[in-house]
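These notes concern the structure reproduced below.
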Amino acid sequence: MRTIFTTAMLLISFISFAHEQLQLKEVTSFTEHRPTAVAVSQEGRIFANLPYSSYSTDSHIVSVVEILADGTQIPYPNTSWNLKSTEVLNHFLNIQSLVIDKQNDLWILDTGSPKRKGVVKGGARLIQIDLKIDKVLQTINIAHEILSEESYLNDVRVDKSQAYAYITDSVDGGIIVLNLSNGQQKRVLQNELISSNDTQKTLVIEGISLDGAANFYATDGIAYDPKEEVIYYQYRPFAGSSALMKVDVEVLNDFSLSQKQIKGQVAFVGHTVIADGITYKNGFIYLTDLERNAISRYNVESKVLETVITDPEISWPDSIAFDVDDNIYFTTAQFHRLPGLNDGVNLQKGDFKIYKTITSTEVEKTNFKLKFAPHIGLTSLEDGMFINHAGKDPISQIQFIASQGFVGIEDNFMKIRPVEQQIAIAQELKKNGMQLGSFVHNTTTWQDATLVSEPSEVRSIILKEIRETIEVAKRVNGKYLTLLSGRSHPTMERQYQKANFIQNLRVIAEEAEKASLILGLEAINGKEFPGTFITKVTDAYEIVKAVNSPSIKLTFDMYHVQIENGNVINNFDKTFDEIAYIHIADNPGRSEPGTGEVNFENILKYIYKSGYKGFIDMEHISTIPGKEGENNILNIYRNLNEKL
17 MRTIFTTAML LISFISFAHE QLQLKEVTSF TEHRPTAVAV SQEGRIFANL
67 PYSSYSTDSH IVSVVEILAD GTQIPYPNTS WNLKSTEVLN HFLNIQSLVI
117 DKQNDLWILD TGSPKRKGVV KGGARLIQID LKIDKVLQTI NIAHEILSEE
167 SYLNDVRVDK SQAYAYITDS VDGGIIVLNL SNGQQKRVLQ NELISSNDTQ
217 KTLVIEGISL DGAANFYATD GIAYDPKEEV IYYQYRPFAG SSALMKVDVE
267 VLNDFSLSQK QIKGQVAFVG HTVIADGITY KNGFIYLTDL ERNAISRYNV
317 ESKVLETVIT DPEISWPDSI AFDVDDNIYF TTAQFHRLPG LNDGVNLQKG
367 DFKIYKTITS TEVEKTNFKL KFAPHIGLTS LEDGMFINHA GKDPISQIQF
417 IASQGFVGIE DNFMKIRPVE QQIAIAQELK KNGMQLGSFV HNTTTWQDAT
467 LVSEPSEVRS IILKEIRETI EVAKRVNGKY LTLLSGRSHP TMERQYQKAN
517 FIQNLRVIAE EAEKASLILG LEAINGKEFP GTFITKVTDA YEIVKAVNSP
567 SIKLTFDMYH VQIENGNVIN NFDKTFDEIA YIHIADNPGR SEPGTGEVNF
617 ENILKYIYKS GYKGFIDMEH ISTIPGKEGE NNILNIYRNL NEKL
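Okay, so the sequence shown: first residue is 17 according to the numbering used here, each after it adds one.
Below is the structure:
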């Protein structure tokens, strides 16, 4: 749905972002003091700052906090730095912003103006903290000669790869360019209105009209695109400007250029929304959308403006940050409710908050009674079950799968993934308290007749393959493997093939037992896989019994059982004592449960009551494309879980 807003003869298109199904989750709250900036480290540590500004009370005692998992706020980097003091050295004066760079260092911007009563000499600073050791690495003073007494440093972006920082000033305007290597610094674009067609309007938030804007040329929000090496910025929100500007950092970093030359390189990008904070992410400028109680984003290529999330609780969102899972964090400051803007009346409603956005499916995290395990690769390395939500990266997929309440994954292709990816997957599973369900053992022989051939002829092949599998299993903390029978021998009588098969499995079993691995022999239907040696679960059960090893068990694949044997419950009951794990899919089409002829509600009830504790690998496709199909899968399993 498209809604058209008219602002001074300008048409802006807003497109709903509802397909993301984002919801708000409170991270922490502040009763009295407003947070203005939030930053999230690569490890998920959360930091925020509380300015000691003109609206602050004498009870203000902390300027920078780290927010723990339970919402507790602790002074950062320690109590000493947060003590009120007129001394500049090792004390915060008035912190307005903070940001974490790509190398995971925290940068804190001190305005140097306690209570906004004037910049203290040496007080305007950029402070770098190493998050690995929680120690201040350096303090870089902003030259007093490029500041006025009224200057109010507002926001900062750091490009440590080129060793530059870029700071906006919400009173004196312009951008302060700071060379982190040699300390050289300058102010550019001061009192420069770049876009001749820019417009001003009275900012109205929740019915509160904020007229009498201060310096129109004052700069506020700033964002950095490291790939294109471009700085984006906006004017102060009280000016009622929606203009988004950009300039190449190559221009800003060149100290030989005149102010006129720099101004000539600034470009008007487009009209967005009246925002306080902006940031860049993956081709979008994300903005705190003050008038709409929202977070919006602007596609810098298509020039399309989208509302990411809107909610009455988003009351003057001030700054935006992302975590490694692309959840959006932002502060709510309620600046429009300050007494100074409302005839001396404090209109504050509730506490000031820090929120994060999460998908609605994460909100509906389910405690599954059976160990369902979505796949991250069914027919290829890149066809994971939830790639439309999480992308093709297996780590992101695991994170999404964990967020839904699943405790394991299946990956047919684990054995052929790069070693470094195997290790990363194992680490991510451990981090999320998850396990690897199953992965395929015989990736090189599952389509030939190796396992039914004369043992003396194929022993070396079989040993090589199982020993390779054992090394992979060690790396990924895997225990369960899928064993496929391969094809029948084209000329040998079946009974001889069966005898060979049993002997060859005993060779595999001997090695697997040493490594405490379990291989589940899976029967695959001969209609889709003509020539397969083991097609019926009854034959697979007979073979497993004959091998008689704790490391050779049965994979009970409902899809193949339904096609070849039927009577899924009866066959599950008969083979229960040898089942290592289960695969689930409906027939026809190997699709999600409920799309075919199998009564999964009754089958899963029977499995649950049987006391089965193993994995049920979700080995199926979706009949519905995109995120809609993935959400459908989640709903199917939640509904089945409720009926157990």
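Note that beta-carbon positions come from the ideal geometry of N, C-alpha and C, so glycine has one too. These numbers come from a predicted model, not from an experiment.
Bridge-paired residues (DSSP) for residue i
{"i": "Lys408", "result": "Paired residue(s): none; Lys408 is not in a bridge."}
{"i": "Ser312", "result": "Leu303 and Thr323"}
{"i": "His599", "result": "Asp573 and Asp633"}
{"i": "Thr485", "result": "For Thr485, which the question treats as bridged, DSSP gives no partner whatsoever."}
{"i": "Ala53", "result": "Asn65"}
{"i": "Gly536", "result": "Thr498 and Lys569"}
{"i": "Gly286", "result": "Leu260"}
{"i": "Lys151", "result": "Asp146"}
{"i": "Asp241", "result": "Val246"}
{"i": "Asp86", "result": "None, per the DSSP bridge assignment."}
{"i": "Glu208", "result": "DSSP lists no partner for Glu208."}
Helix, strand or coil at residue i [DSSP, three-state]
{"i": "Arg510", "result": "helix"}
{"i": "Met450", "result": "coil"}
{"i": "Tyr281", "result": "Residue identity differs from the one stated: residue 281 is Gln in this sequence, not Tyr. In the structure shown, Gln281 sits in coil (DSSP, three-state: anything other than H, G, I, E or B)."}
{"i": "Ser472", "result": "helix"}
{"i": "Val193", "result": "strand"}
{"i": "Gln463", "result": "coil"}
{"i": "Asn647", "result": "helix"}
{"i": "Thr218", "result": "coil"}
{"i": "Pro641", "result": "coil"}
{"i": "Asp146", "result": "strand"}
{"i": "Ala418", "result": "helix"}
{"i": "His352", "result": "helix"}
{"i": "Met25", "result": "Reliability fails at Met25, whose pLDDT of 29 lies under 50, so the model's placement of it is uncertain and the value that follows must be treated cautiously. Coil, per DSSP."}
{"i": "Ala525", "result": "helix"}
{"i": "Asp339", "result": "coil"}
{"i": "Arg203", "result": "strand"}
{"i": "Ile116", "result": "strand"}
{"i": "Arg173", "result": "strand"}
{"i": "His35", "result": "Residue placement at His35 is poorly supported in this model, since its pLDDT is 39, which falls under 50; the coordinates still yield a value, given next. In the structure shown, His35 sits in a helix (DSSP, three-state: H, G or I)."}
{"i": "Asp236", "result": "strand"}
Rounded straight-line distance, which links the Cα of residue j to that of residue i
{"i": "Thr95", "j": "Glu484", "result": "54 Å"}
{"i": "Ile640", "j": "Lys447", "result": "31 Å"}
{"i": "Phe30", "j": "Asp270", "result": "Summary for Phe30: the model assigns pLDDT 41, below 50, so the residue's position carries little reliability, and this model does not support an answer."}
{"i": "Glu646", "j": "Ile311", "result": "25 Å"}
{"i": "Gly642", "j": "Asn404", "result": "6 Å"}
{"i": "Asn657", "j": "Gly299", "result": "39 Å"}
{"i": "Thr460", "j": "Leu499", "result": "11 Å"}
{"i": "Asp146", "j": "Ser72", "result": "29 Å"}
{"i": "Gln427", "j": "Gly453", "result": "Note that residue 427 corresponds to Asp in the displayed sequence, not to Gln. In a straight line, the C-alpha of Asp427 is about 8 Å away from that of Gly453."}
{"i": "Ser412", "j": "Val174", "result": "26 Å"}
{"i": "Asp633", "j": "Leu321", "result": "41 Å"}
{"i": "Gly280", "j": "Ile158", "result": "26 Å"}
{"i": "Glu529", "j": "Gly502", "result": "22 Å"}
{"i": "Pro91", "j": "Ile224", "result": "34 Å"}
{"i": "Gly421", "j": "Ser177", "result": "39 Å"}
{"i": "Asn120", "j": "Val423", "result": "30 Å"}
{"i": "Phe592", "j": "Gly630", "result": "11 Å"}
{"i": "Trp462", "j": "Glu538", "result": "11 Å"}
{"i": "Ile191", "j": "Val204", "result": "5 Å"}
Cβ-Cβ separation, residue j to residue i (assumed contact under 8 Å), whole Å
{"i": "Ile294", "j": "Tyr248", "result": "7 Å"}
{"i": "Gln201", "j": "Ile162", "result": "7 Å"}
{"i": "Phe346", "j": "Val54", "result": "7 Å"}
{"i": "Tyr68", "j": "Leu114", "result": "Between Leu114 and Tyr68 the Cβ distance is about 14 Å, and since that is not below 8 Å, they are no contact."}
{"i": "Tyr314", "j": "Leu306", "result": "Actually they are not in contact, since the Cβ atoms of Tyr314 and Leu306 sit about 15 Å apart, beyond 8 Å."}
{"i": "Ile392", "j": "Ile425", "result": "5 Å"}
{"i": "Gln578", "j": "Asn615", "result": "10 Å between Cβ atoms; not a contact."}
{"i": "Val468", "j": "Phe517", "result": "5 Å"}
{"i": "Val316", "j": "Val285", "result": "6 Å"}
{"i": "Leu125", "j": "Ile111", "result": "7 Å"}
{"i": "Ala531", "j": "Ile486", "result": "5 Å"}
is_contact[residue i, chain D] using C-beta, thresh 7 Å
{"i": "Val320", "result": "You won't find chain D in this structure, because it holds only one protein chain."}
TODO: Check whether the region 384-393 touches the region 366-375, taking contact to mean three or more Cβ pairs, one atom from each stretch, closer than 8 Å.
DONE: no
Open item on the list: Quick check: the region 567-578 against the region 524-531, are at least 3 beta-carbon pairs closer than 8 Å?
Closed with: yes
- [ ] Count the C-beta pairs between the region 331-346 and the region 262-277 that are closer than 8 Å, then say yes if the count reaches three, no if not.
- [x] no
Open item on the list: Would the region 472-481 count as touching the region 435-444 if we require 3 or more Cβ pairs under 8 Å?
Closed with: no
Open item on the list: Count Cβ pairs between the region 102-113 and the region 82-93 that sit closer than 8 Å; are there 3 or more?
Closed with: no
TODO: Say whether the region 599-610 touches the region 552-566, bearing in mind that this needs 3 or more beta-carbon pairs closer than 8 Å, one atom from each stretch.
DONE: no
Open item on the list: Three Cβ pairs or more, each shorter than 8 Å: is that satisfied between the region 151-168 and the region 185-200?
Closed with: yes
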